[in-house]
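Encoded as structure tokens, the structure appears first; notes follow it.
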Amino acid sequence: MRRRDQWLQWIRSVEREGELIAVALVVLEDRLRQDPSVLRQHGLERADFSAGMLNREGTYVIRVYAEFESGLREAWERAFGETTHPKAVDLLHAFASRCRVPPQRLGDADRVRIFRNLLFFADAATTEKIPLSHVRRYLCRFLSHLPEDW
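Going by my numbering, the first residue of the sequence shown is number 8, and it counts up by one from there.
Dropping the structure here:
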């Protein structure tokens with residue numbers, strides 16, 4: 008398998024894991040309606056469940072972006088022989104320039120980077136939320152412009 012395709016597959020796998028957890032949380036929510044004490048036997052409370060429901064998507068946005076950035080950094084080193092470790096924004100722009108990534112694709116990937124940063128470092132309530140499925144789509148579209156193998 009070509010390296011770019013492997014990274015695309017890994018990103019999709021993280022998204023699918025996030026979707027699996029969403030389903031599991033719905034099932035658990037149903038179970039909690041039947042037996043509110045089910046979490047206590049694991050040292051957890053309803054508040055832990057509520058936090059998991061609230062933070063699941065953001066957690067997986069961060070994970071999908073981390074996978075994407077790891078792929079970019081590997082390609083930076085292996086495809087272009089670069090030894091530097093630029094900031095993510097500079098890395099995006101460098102790839103956009105070298106690989107002729109359309110401005111819309113760069114803009115979408117950069118919006119995801121900003122969203123990820125706000126989730127990770129600050130209060131995400133102050134920014135436009137990007138659904139996990141869009142995050143994956145935007146980042147995979149960006150990666151699709153990179154060389155096929157590295």
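From the three backbone atoms N, C-alpha and C, an ideal C-beta is built for every residue, glycine too.
Quick caveat, the model's predicted, so the values are computed rather than measured.
Could you tell me if F75 is buried or exposed, where buried requires 16 or more neighbouring beta carbons within 10 angstroms of its beta carbon? Looking at its Cβ environment, which holds 16 or more other Cβ atoms inside 10 Å, F75 is buried.
Counting C-beta neighbours from all protein chains within 10 Å, is the total for L98 16 or more, i.e. buried, or is it exposed? By the neighbour-count rule (16 or more Cβ atoms within 10 Å), L98 is buried.
Measuring only the C-alpha atoms, how far is R118 from L27? When rounded, the distance between both Cα atoms is 25 angstroms.
CA-CA distance, I18 and Y67? It is roughly 10 angstroms from the alpha-carbon of I18 to the alpha-carbon of Y67.
Taking the Cβ atom as the reference point for each residue, do V96 and R143 lie within a distance shorter than 8 angstroms? Contact: no.
Could you tell me whether the Cβ atoms of L46 and D55 are closer together than 8 angstroms? D55 sits close to L46, with the two beta carbons spaced by under 8 angstroms.
Can you give me the start and stop residues for the alpha helix (DSSP H) that P110 sits inside? The continuous alpha helix (DSSP H) containing P110 extends over residues 110-128.
Nearest-angstrom Cα distance between R77 and Q41? The residue you asked about is not Arg; residue 77 is Ser in the sequence shown. Near 42 angstroms, if we compare the C-alpha coordinates of Q41 and S77.
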